[in-house]
Amino acid sequence: YKKRKNSMKVIPNTIEEAFEELDKLNSSEFLTKDWDKWIAMEEDIALAFSHHAVGQWIRNEWEFWCGYGELKKWFLANEIKHPDDMSAIILRSYHRLKNNKDLNIEEQIEKTVQYYLTDKEKLLRARKKKINEINEENN
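Counting in the working numbering, the sequence shown runs from 149 upward without gaps.
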C-alpha cells in the first residue's frame, strides 16, 4: 500500500489490495446501505450503477487521473489507459469475487484493449498472433 501525503488513506498497489480496500469501505457503510443488493445485481447492471458512485471514488482517491501508483502502472503496462476502464475492471472483478465467480481479469483486459483498437490494429494483432502460433507449431 502507498499512503497518501497528509492523509490516512492508502492507495492499493495490486487488485488484491483494491479488494481489501473495498471490503473496508463496505464495512464502513461508505458505499451504500444497499451493498448486498449491489452484489446480487446482474454484473453489467451493478457496473452501471456504481460507475458514478464508488467508481468515481476509486478513480479520484486512488489517483487514476493524475497519479502514478503501482496499480495504475500495472493497468498502463496492460494497455488499460483510461481511468474509467481501470475502475470498471476493479469493480467487475470485485463483483465476481463476491459472487464466487472466476475473475477472468486477462479476458477483461483483452476485451477492453480490443474495444479501443482500430480495424487495422486488430488485423495486425490477429496476423501477429497467427504467425506466433505457426512458429510454436514448428518448434
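Heads up, the beta-carbon is just placed ideally off N, CA and C, and yes, glycines get one too.
Remember, it's a predicted structure, so these values are computed and weren't measured experimentally.
Simplified DSSP state of residue i, which is helix, strand or coil
i: I159; result: strand
i: E191; result: helix
i: E227; result: coil
i: K249; result: coil
Residue range of the alpha helix (DSSP H) that includes residue i
i: A188; result: W183 to A188
i: Y216; result: Note, Y216: premise wrong, no alpha helix (DSSP H); not H, not E.
i: N208; result: V202 to E209
i: K270; result: D267 to N286
i: D233; result: P231 to K246
i: E254; result: I253 to Y264
Beta-carbon contacts of residue i that lie in its chain and below 8 Å, excluding the five residues immediately before and after
i: A194; result: W186, I187, L239 and H243
i: A274; result: none
Residue i versus residue j: straight-line alpha-carbon distance, rounded
i: L251; j: E209; result: 23 Å
i: E168; j: F197; result: 21 Å
i: K276; j: M234; result: 26 Å
i: L173; j: W205; result: 11 Å
i: V158; j: Q262; result: 31 Å
i: E211; j: D171; result: 19 Å
i: D182; j: P231; result: 25 Å
i: D184; j: L224; result: 31 Å
i: W213; j: K220; result: 9 Å
i: K278; j: E258; result: 17 Å
i: K246; j: M189; result: 11 Å
i: K249; j: L271; result: 32 Å
i: K268; j: A201; result: 36 Å
i: H199; j: S241; result: 14 Å
Sub-8 Å separation of residue i and residue j beta-carbons
i: I163; j: I253; result: yes
i: G203; j: N161; result: no
i: I237; j: T260; result: yes
Own chain, CB closer than 6 Å to residue i, minus 5 neighbours either side, in chain order
i: E284; result: none
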